[in-house]
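Okay, so the sequence shown: first residue is 7 according to the working numbering, each after it adds one. Glycine included, every Cβ here is placed at the ideal spot set by N, Cα and C.
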Amino acid sequence: MIKLGIIGTNWITQQFIDAAHATGEYKLTAVYSRTVEKAKDFGKPNGATIFSDNLDEFFANDALDAVYIASPNSLHFEQAMLGIKNDKAVIIEKPIVANIKQMEILRETLEQHPQSRLFEAARQIHQPNFKIIKNQISELGRIQGATLTYMKYSSRYDAVLAGQEPNVFTLKFAGGALQDLGVYVAYDAVGWFGMPDDVAYYPTLAPTRVDGKGVAILRYPEFDITLNIGKTSNSYLPSEIYGLKDTIVMSNPADLETVSYHDVEGHETLISEKPADNPMISEAADFARVINDPQNEKNDQDYWKWLDLSQNVAKLLYNLRQSGKIVFPDDKK
């Protein structure tokens, strides 16, 4: 049983705990929060018995095998470093870091701590429908590009319009649409098509100077991919991948709830599986597989494949931000 600690006491943390427990491979043991009282309020109903407001003591505790981090984006790097240096398995809610330099430092630190593992909780790449789409892409006679749209109005944007600056909409905490919903479509693009040759990002800035929405263009040798992302409005458009006369259509490029294939004659076939009620179960199970048996050849290959993909996505997001002239404080360090 993997002894699990968590940093962050929000809804996504609860969703991961539920997924972890559903796999039967984890037991929540410890919670870190800025106050012990808040850690207890969140952790006790989930079975935790250790509560801390001191990060050094939290990571040094032998009651932890793995730590799931869902703190503000700008804190991921420092907390991941502590986890790796304490030889823990570190699971970070996307985005894994604020910039590519931080990712490179994490990988260098991993080499010094071979017992540790580092995972980005990019849930959809572990789901069956992500792999179904990748297989269907290989069946397209010719790829002519894709349009991936993920725009969902953030409840925190009301606070921005009221003159406030919540964490997800600040440069200080590495916020914005690209660093949130954009991670999903970036994973789709890189996971299905590889790294692009060139990129451009055209952001629409929120009053807090982060990108509230934006359009990214990824250029490949024979096609382009367009990413439409936003946290300041809602879109109900499907996402599509284009063959010559055939098309793959998905309801949502992050959740991948329904995926259909439209053949050259326009006939539609549903190719997706019904996803699990909790979209984090697949990733929690995959992480447990590696943590429990890291020497297994397949587990080791999968781990490094995921880590390389995570690094490429971090590089893509950084390049897009540079194109859009969005600079975080951590970029200057």
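Straight-line gap, residue i to residue j (C-alpha atoms, nearest Å)
i: Y208; j: E63; result: 43 angstroms
i: Q170; j: Y163; result: 9 angstroms
i: K140; j: L326; result: 24 angstroms
i: I247; j: S58; result: 47 angstroms
i: G218; j: V174; result: 10 angstroms
i: S266; j: K331; result: 37 angstroms
i: P281; j: E228; result: 32 angstroms
i: T232; j: V191; result: 10 angstroms
i: Y74; j: H273; result: 43 angstroms
i: S329; j: E31; result: 42 angstroms
i: F104; j: G151; result: Phe is not the amino acid found at residue 104; the sequence shown has Ala there. Cα to Cα, the separation comes out at about 28 angstroms.
i: E285; j: T214; result: As written in the sequence, residue 285 is Pro, which differs from the Glu given in the question. Roughly 31 angstroms between the two C-alpha positions.
i: P78; j: L315; result: 22 angstroms
i: I56; j: D230; result: 50 angstroms
i: K237; j: T253; result: 27 angstroms
i: N92; j: G11; result: 13 angstroms
i: A168; j: S160; result: 14 angstroms
i: Q301; j: V319; result: 26 angstroms
i: E269; j: A222; result: Note on residue identity: the sequence assigns Asp, not Glu, to residue 269. Approximately 28 angstroms between the Cα atoms of the pair.
i: P335; j: A25; result: 34 angstroms
i: V37; j: E43; result: 11 angstroms
i: E271; j: L177; result: 48 angstroms
i: I97; j: L88; result: 12 angstroms
i: G14; j: Q20; result: 9 angstroms
i: D337; j: F179; result: 12 angstroms
i: G200; j: Y324; result: 16 angstroms
i: M256; j: T275; result: 12 angstroms
i: V333; j: L61; result: 27 angstroms
i: Y193; j: I18; result: 19 angstroms
i: D292; j: D306; result: 11 angstroms
i: F303; j: D203; result: Going by the sequence as given, residue 303 is Glu instead of Phe. Their Cα atoms are separated by approximately 32 angstroms.
i: W198; j: T264; result: 17 angstroms
i: Q317; j: N52; result: 32 angstroms
i: L224; j: A195; result: 9 angstroms
DSSP-derived helix/strand/coil call for residue i
i: V73; result: strand
i: D306; result: helix
i: L116; result: helix
i: M256; result: strand
i: S245; result: strand
i: F334; result: coil
i: A95; result: strand
i: N79; result: helix
i: L262; result: coil
i: K100; result: coil
i: E274; result: strand
i: L322; result: helix
i: K311; result: helix
i: L88; result: helix
i: E126; result: strand
i: R215; result: coil
i: N298; result: helix
i: K107; result: helix
i: D269; result: coil
i: D292; result: helix
Beta-carbon gap between residue i and residue j smaller than 8 angstroms
i: N234; j: M109; result: no
i: L34; j: A54; result: yes
i: K9; j: A69; result: yes
i: T155; j: L211; result: no
i: H132; j: I102; result: no
i: Q130; j: F136; result: yes
i: A86; j: N16; result: no
i: I138; j: S278; result: yes
i: R113; j: G249; result: no
i: S239; j: T153; result: no
i: K321; j: I23; result: no
i: A127; j: E99; result: yes
i: A290; j: T41; result: no
i: G182; j: V205; result: no
> Should the region 284 to 302 be regarded as contacting the region 119 to 130, the criterion being three or more beta carbon pairs within less than 8 angstroms?
Replying inline: yes
> Counting only runs that start and end within the region 11 to 68, where is the alpha helix (DSSP H) found for 4 or more residues in a row?
Replying inline: 17 to 29, 42 to 49, 61 to 66
>> Suppose only complete runs of 4+ residues qualify. What are the alpha helix (DSSP H) ranges in the region 129 to 206, listed by chain order?
In response: 134 to 145, 163 to 167, 187 to 199
> Within the chosen definition, does the region 177 to 193 reach the region 243 to 262 through at least 3 CB pairs nearer than 8 angstroms?
Replying inline: yes
>> With three or more C-beta pairs closer than 8 angstroms as the rule, is the region 304 to 318 touching the region 46 to 53?
In response: no
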